[in-house]
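In the order they appear, the protein sequences are chains A and B.
Each residue of the first sequence is one higher than the one before, starting from 164 at the first, in the numbering used here.
Each residue of the second sequence is one higher than the one before, starting from 237 at the first, in the numbering used here.
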Amino acid sequence: MSKILKVARREYVESVKSKTFIISVFMAPLIMAAIIFFSAKIAQTKPGSRPPLKITVTDLTGLLADEIDARFNAHNENSENRQIIYSQTAGDANSFNEQSAVQKDRLREGKIDAYIVIDSNVVSGNGKISLYTYKTEASNIDSLWGIVNLCRDAVIKYRYQIRNFDKELIDELQKVPTQQIEIGQAQGEEKVKDEIEMVTSMLVPFAFMLLMYIGIFANGQHMLTSVIEEKSSRVIEVLLSVVDSFQLMAGKILGLTGIGLTVIALWTFAAYSAVQWKGVDIDIKGWLFFYFVIYFILGFILLSSIMAGIGSICNTLRDAQNLMGPITIIYIIPLMSWIILVRSPQGTYATALSYVPPMTPLVMMLRLAASSEVPIIEIFATLALLVFSVIVVIWISAKVFHTGILMYGKKPRLREVLRWLRKS
Amino acid sequence: MDALLLQNISKSFNHFKAVDDLTVTVPAGSVYGFLGPNGAGKTTTIRMIMNIIRPDSGSVSIFGDSSVENMRSRISYMPEERGLYRKMTVRSVLAYFGSLKNLSPSVLNERIPYWLEQVNLADCAKKKVEELSRGMHQKLQFAVAAINQPDLLILDEPFSGLDPVNQEILKNIILRMRENGATILFSTHVMHEAEKLCDYILLINKGRTVIDGKLRQIKDRYRTGAVSAELACDVGFIEALPIVSSVKQQDNRFDIMLKDNADPQKLLAELVGKVEVTAFEVKAPSLHEIFIKLVGQQDE
């Protein structure tokens, strides 16, 4: 045991002193903070001027010309950055086909950006507003639908008018302010949550999962580089003459788990300080951190054992990258489906993913942070499964590590690795 | 008591038999040379002694104990492939491996300067390993192996890559360690180093013992009947002697080959009183010659 601790201590101390550690601890939160800061700044700045949109509108109702005119003019007054240059052609059912063909040719020639046709029965029947485009540029799509909506408003206004409805009054009647109030333990302790706080509350479960992912996956890669470095620098044989392969692997896992916990603790502290500084009030239950540490340790041991096995059979990081592909995908699945998991933390999908060992810590943390109704039996069951997986993976990895660590040259095939396992 | 006893150990990798039924006895307090051509099975045998790989069959016993783990603190190993943590300082590397060998911090505080002094690296204690030259790196590797002052020190190709000055330093340390009672087993394919240092040798080829025993006895066993003498006489006189097989003369130096089993002392007796003898040497075969002869025979 003392040798395991000595290996762990060296792994921890040398990793903490390395540039990679310093960069990962300080740079990651700094980059995140910079992104948040600059995106907020960028969001506040007005977008630059965009070229005007050239539109032709054919109003087959013959009733909306003034309304459309008014709306387009209002738009041009309010949006200096994107002007509309438009022309209206009068609706004439007899000459429409001919007129339409001319406009579509102009569209193809690039003389206009869009051609809008308002059907004659749009006010009182099922007529449509049709937007004709030709090889639309992605940068124009939002503006074009904005213009279609202006035409739609004109139609609605006219529909109200012919039924003698007061549009302003109806708009007023439709306004119902809503708010979320979080009450406290004490009577009268109430706090209205603003929009940022509501969004942040929804993001907390994701943040827990992301922190778990970065903590496990980014730090787990240290094991891979550490083993490959020891193998390629040939220090491994000196080590194996004083410690056995299991002690070496266990010591490395322990040391790197310490590194992972240190990074997580520092990041959590940084995130907590940032939230306090910004004055955002987020209610995070203390027991979540307790579960976080347990799931993190088990998840980290699981991944770093896999990494130790992979590292021992590879001579270079490039060799290892090929084997890393499938493992990376397993860890990314919960991240990609976080919205589903947050909306339905007790659903079949979330429950099923909780029982896939590499994903268990990520999914369970998100579920626990998103809902307080995760049955305690499920927590115990997933932890038991994780412990069992850790034991099996350590057993397999230790066997592979023992044989693979002294193998140089060609990377062994899967069949050969399986033969080592059978033999040992 | 024997420092090391290997009994009928064998090891195969896939279908290749690296070590085949090898039995070795290393007497305590000796310098034991483990000789053989490249790929003979030297490193595999050493790794089995150190329990880095396990033999398919046979047993290893160190100082009478069959568990290498029990003996870890009494043995040390310097592998052929040199490697240490490049980013660590010389001192911290010694401290780390010393602690893994169960040396206390107070003992390490004495041993680290002592061993750095021994290998002429006292000025490099604070340097990073990556700043050392290849020779310095190798000497540090030796210090790592020697820091626990083991009873059995196993060195795999310790002289390869060292210049003559550093080879001499290492050789003197090895001899001093033997004087202090340690057993040193080292593998090499550089025969003249083994010849200068070893009390015993084992020559292996293709994983099997070719010859083993005391170096002096082996050299005696392979005497070729060659004598070199400085004489003031005619070549015809020597050729006429019945125990002489052939003679080569260069000025007054004669390289004489005796007939099978002829005693060089008899030749000396024949010469004394009849011719002036200024030098007389019974030529023993070099280890290199024995090695080439025996391994060559096996390969045929």
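Every residue gets a Cβ at the ideal spot worked out from N, C-alpha and C, and that includes glycine.
Remember, predicted model here, so these are calculated numbers, not experimental data.
Check, Outcome
"Would you mind reading off the limits of the alpha helix (DSSP H) that contains P341(B)?", "P341 to Q354"
"From the beta carbon of Y332(B), is the nearest beta carbon of chain A less than 9 Å away?", "yes"
"So who's on the other strand from Q251(A), going by DSSP bridges?", "V220(A)"
"Please report the straight-line C-alpha distance between P315(B) and K337(B), rounded to a whole angstrom.", "16 Å"
"What number of angstroms, rounded off, separates the C-alpha of P208(B) from the C-alpha of S328(B)?", "The structure shown does not extend to residue 208(B), since chain B is modelled only from 237 to 536, so the question has no answer here."
"Let me see if you follow: with CB-CB separation under 9 Å, is L336(B) close to chain A or not?", "yes"
"If you pair each beta-carbon of the stretch 435 to 448 of chain B with each one of the stretch 251 to 271 of chain B, do three or more pairs fall below 8 Å?", "yes"
"Closer than 8 Å, Cβ to Cβ, to anything on chain B: give me those residues from the stretch 510 to 532 of chain A, in chain order.", "none"
"Residues of chain B with CB closer than 8 Å to the CB of R397(A), please, in chain order.", "P315, E317, R318 and G319"
"Name, please, each residue of chain A whose Cβ falls closer than 9 Å to the Cβ of V380(B).", "V401"
"Within the same chain, show all residues whose beta-carbon is closer than 6 Å to that of K362(B), passing over the 5 residues directly before and after it, in chain order.", "T325"
"Residues in the same chain with beta-carbon distance under 7 Å from N488(B), minus the five sequence neighbours each way, listed in chain order, please.", "E466, L467 and A468"
"Tell me, please, whether the stretch 390 to 398 of chain A touches the stretch 356 to 373 of chain A by the rule of three or more beta-carbon pairs shorter than 8 Å.", "no"
"Classify R457(B) as helix, strand or coil using the three-state DSSP reduction.", "helix"
"Which parts of the stretch 388 to 467 of chain B are runs of the beta strand (DSSP E), unbroken and 3 residues or longer, counting only runs that do not cross its ends?", "388 to 392, 419 to 424, 436 to 441 and 444 to 450"
"Along chain B, in chain order, which residues have C-beta atoms closer than 8 Å to that of E177(A)?", "Y321, K323 and M324"
"Between which two residues does the beta strand (DSSP E) carrying S246(B) extend?", "D238 to F249"
"Can you give the beta carbon distance from P508(A) to A533(A), rounded, assuming they're within the 8 Å contact cut?", "4 Å"
"Can you give me the start and stop residues for the beta strand (DSSP E) that Q501(B) sits inside?", "Here Q501(B) belongs to no beta strand (DSSP E); instead the alpha helix (DSSP H) covers P500 to L507."
"Between L391(B) and I420(B), how many whole angstroms is the CB-CB distance? I'm expecting something under 8 Å.", "7 Å"
"Got a sec, what are the start and stop residues for the beta strand (DSSP E) I292(A) sits in?", "I292 to Y295"
"Below 8 Å on the Cβ atoms is my guess for M386(A) versus S467(A); work out the distance and round it to an integer in Å.", "4 Å"
"Closest to T424(B) by CA distance: which of V365(B), A331(B) and F527(B) is it?", "F527(B)"
"Of the residues that make up the stretch 274 to 294 of chain B, which ones have a beta carbon closer than 8 Å to any beta carbon in chain A?", "R283, M286, N287, I288 and I289"
"If contact is defined by three or more beta carbon pairs under 8 Å, each pair taking one atom from either stretch, is the stretch 309 to 316 of chain A in contact with the stretch 284 to 296 of chain A?", "yes"
"Where DSSP assigns a beta bridge to Y313(B), which residues make up the other side?", "I390(B)"
"Short check: CB of Q374(B) to CB of N402(B), under 9 Å?", "yes"
"Does the stretch 289 to 303 of chain B come close enough to the stretch 237 to 244 of chain B that 3 or more CB-CB pairs lie under 8 Å?", "yes"
"In or out: N287(B) buried (at least 16 other Cβ within 10 Å) or exposed?", "buried"
"How should H565(A) be labelled, buried or exposed, when 16 other C-beta atoms within 10 angstroms of its C-beta is the threshold for buried?", "buried"
"Kindly indicate the opening and closing residues of the beta strand (DSSP E) around I493(A).", "Taken as a continuous stretch (DSSP letters only), I493(A) belongs to no beta strand (DSSP E), being part of the alpha helix (DSSP H) at L480 to M499."
"Counting Cβ pairs, one atom from each stretch, are 3 or more of them under 8 Å apart for the stretch 312 to 328 of chain A and the stretch 223 to 235 of chain A?", "yes"
"Just to confirm, are V505(A) and P368(A) a CB contact at a threshold of 9 Å?", "yes"
"Quick check on DSSP: helix, strand or coil for Y321(B)?", "coil"
"Are A264(B) and D301(B) touching if we call contact CB-CB under 9 Å?", "no"
"With 7 Å as the limit, tell me which residues of the stretch 402 to 429 of chain A have their beta carbon closer than that to any beta carbon of chain B; keep them in chain order.", "L403, S404, V405 and V406"
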